[in-house]
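Participant: The following block contains the structure, expressed as structure tokens.
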Amino acid sequence: MNQFIENRAADEVPFSNVLEDLMTQNIEKHPDKMEVLKKMKGAVALNLQDIEAVVTLHFDGGKMTIDAGVVGKPALVIRTESGQVMDLNVLKIKWGLPYYFDKAGLKVMSHILAGRLKVQGMFFHPILLTRLTVIMSVM
Amino acid sequence: MALKAFSQEWMDAWLKSIQTSQEYKEIAKEWEGSVSIIVNPDPSKGIPEPIYMWTDYWHGEAKDFHYCDKAKAESANFVMSGEYIRWKQVAKKELDSTKALMQGKLKLKGDLTYVVKHVKTVNKVVDLLAALDTVFPDD
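Protein sequences, first through last, are from chains A and B. Count along the first sequence starting at 1, add 5, and that's the number in the working numbering. Count along the second sequence starting at 1, add 54, and that's the number in the working numbering.
Here it is, written out as structure tokens:
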């Protein structure tokens with residue numbers, strides 16, 4: 006366990022280890038993302054249907070806990086495939102917001118419009134979604 | 055004629071296919087760093103000992119592919135390891151390498167954010183590997 010991520014799904018969902026490593030390295034490389042993480046509160050479920058990996062990320066005051074499966078009632082439920090998650094990771098961040106008007110951004114938009122990336126709760130929790138995108142982006 | 059998987063001739067052919075790929079040069083123009091590949095032993099499949107391979111890339115060029123020892127393999131910028139059967143599946147394009155990482159079927163040591171950012175480079179290198187006419191030890 007590192008300082009800001011507790012991975013309770015490590016043994017059950019191998020993807021959670023990749024997610025933990027990616028988030029840890031990303032925040033260490035971009036300390037400004039830590040400030041975004043500190044503002045996050047709520048839970049997000051991530052369901053990667055093609056690899057049958059489901060985790061719930063709980064955010065609370067700069068700490069992220071990863072649980073296996075859907076735990077509680079997450080504000081956001083993201084259903085997609087592993088390849089599309091990678092596309093989310095390469096979204097550029099401009100002025101503190103995800104940027105959808107370049108090739109990478111348009112690709113993510115096309116996934117949403119085509120139903121390849123479904124985000125339940127996006128209209129009720131847009132700030133949480135924006136912050137999640139910011140901390141997941143490696144750009 | 056089919057090349058024996060994990061032989062020096064096979065690595066040379068892979069290196070040559072990368073060096074002569076214009077598409078690779080374009081996609082990989084920002085990639086810097088060595089990647090070692092560790093194939094875990096599987097005596098039942100004709101792999102009695104671990105195989106350590108060194109591959110090196112620099113801004114669209116592929117520099118050097120050869121066998122190495124454990125210490126050298128572990129000194130690469132990126133260390134990818136996994137069971138023989140997984141590498142075989144990747145080399146035959148039966149398993150997507152990114153998906154394999156997310157599923158924990160392959161392990162990566164190194165800067166994951168860098169790999170995510172340059173996933174197209176990784177995919178192209180694997181595509182070129184898969185295009186080789188290869189015979190595997192357990193075929």
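Positions of the beta carbon are idealized from the N, C-alpha and C atoms, including for glycine.
For the alpha helix (DSSP H) that contains residue 24 of chain A, what are its first and last residues?
Facilitator: Looking up residue 24 of chain A in the first sequence gives position 19. First-last of the alpha helix (DSSP H) with residue 24 of chain A: 19-34.
Participant: Among B:65, B:75, B:181 and B:104, which residue has its Cα nearest to the Cα of residue 143 of chain B?
Facilitator: Start at 1 with the first residue of the second sequence, and residue 143 of chain B comes out as number 89. Closest by alpha carbon: B:181.
Participant: Inspect the CB distances between the segment 130-144 of chain A and the segment 57-77 of chain B and report whether three or more fall short of 8 angstroms.
Facilitator: No: the two stretches stay apart, fewer than three of their Cβ pairs being nearer than 8 angstroms.
Participant: If you draw a straight line from the C-alpha of residue 16 of chain A to the C-alpha of residue 155 of chain B, how long is it?
Facilitator: Within the first sequence, residue 16 of chain A is the residue found at index 11, counting from 1. Within the second sequence, residue 155 of chain B is the residue found at index 101, counting from 1. If I take the Cα positions, the gap works out to 15 angstroms.
Participant: What is the rounded straight-line gap between the Cα of residue 119 of chain B and the Cα of residue 69 of chain B?
Facilitator: The residue you call residue 119 of chain B lines up with position 65 of the second sequence. The residue you call residue 69 of chain B lines up with position 15 of the second sequence. Near 7 angstroms, if we compare the C-alpha coordinates of residue 69 of chain B and residue 119 of chain B.
Participant: Tell me the DSSP bridge mates of residue 105 of chain B?
Facilitator: For the purposes of this step, residue 105 of chain B is identified with residue 51 of the second sequence, where counting begins at 1. In DSSP, residue 105 of chain B forms a bridge with B:93.
Participant: Closer than 7 angstroms, Cβ to any Cβ of chain B: which residues of the segment 16-43 of chain A, in chain order?
Facilitator: Cβ contacts with chain B: 19, 20, 22, 23, 26, 27, 30, 31 and 34.
Participant: Along the alpha helix (DSSP H) that carries residue 125 of chain B, what are the first and last residues, could you check?
Facilitator: Along the second sequence, one-based indexing puts residue 125 of chain B at 71. That run of the alpha helix (DSSP H) goes 124-128.
Participant: What's the C-alpha gap between residue 100 of chain B and residue 108 of chain B?
Facilitator: Numbered from its first residue, the second sequence carries residue 100 of chain B at position 46. Numbered from its first residue, the second sequence carries residue 108 of chain B at position 54. For residue 100 of chain B and residue 108 of chain B, the distance between alpha carbons rounds to 21 angstroms.
Participant: How would you call residue 111 of chain A, buried or exposed, if buried means at least 16 neighbouring beta carbons within 10 angstroms?
Facilitator: Position 106 of the first sequence, counting from 1, holds the residue named residue 111 of chain A. Exposed: under 16 other Cβ atoms inside 10 Å.
Participant: Starting from residue 103 of chain A, follow its DSSP beta bridges and name the residues at the other end.
Facilitator: Position 98 of the first sequence, counted from the first residue, corresponds to residue 103 of chain A. Beta-bridge pairing links residue 103 of chain A to A:98.
Participant: Going by DSSP, name the residue or residues bridged to residue 83 of chain A.
Facilitator: Working through the first sequence from its first residue, we reach residue 83 of chain A at position 78. Residue 83 of chain A pairs with A:51 and A:124.
Participant: Tell me, please, whether the CB atom of residue 113 of chain A is closer than 8 angstroms to any CB atom in chain B?
Facilitator: Your numbering for residue 113 of chain A matches position 108 in the first sequence. Judged by the 8 angstroms Cβ criterion, residue 113 of chain A is not in contact with chain B.
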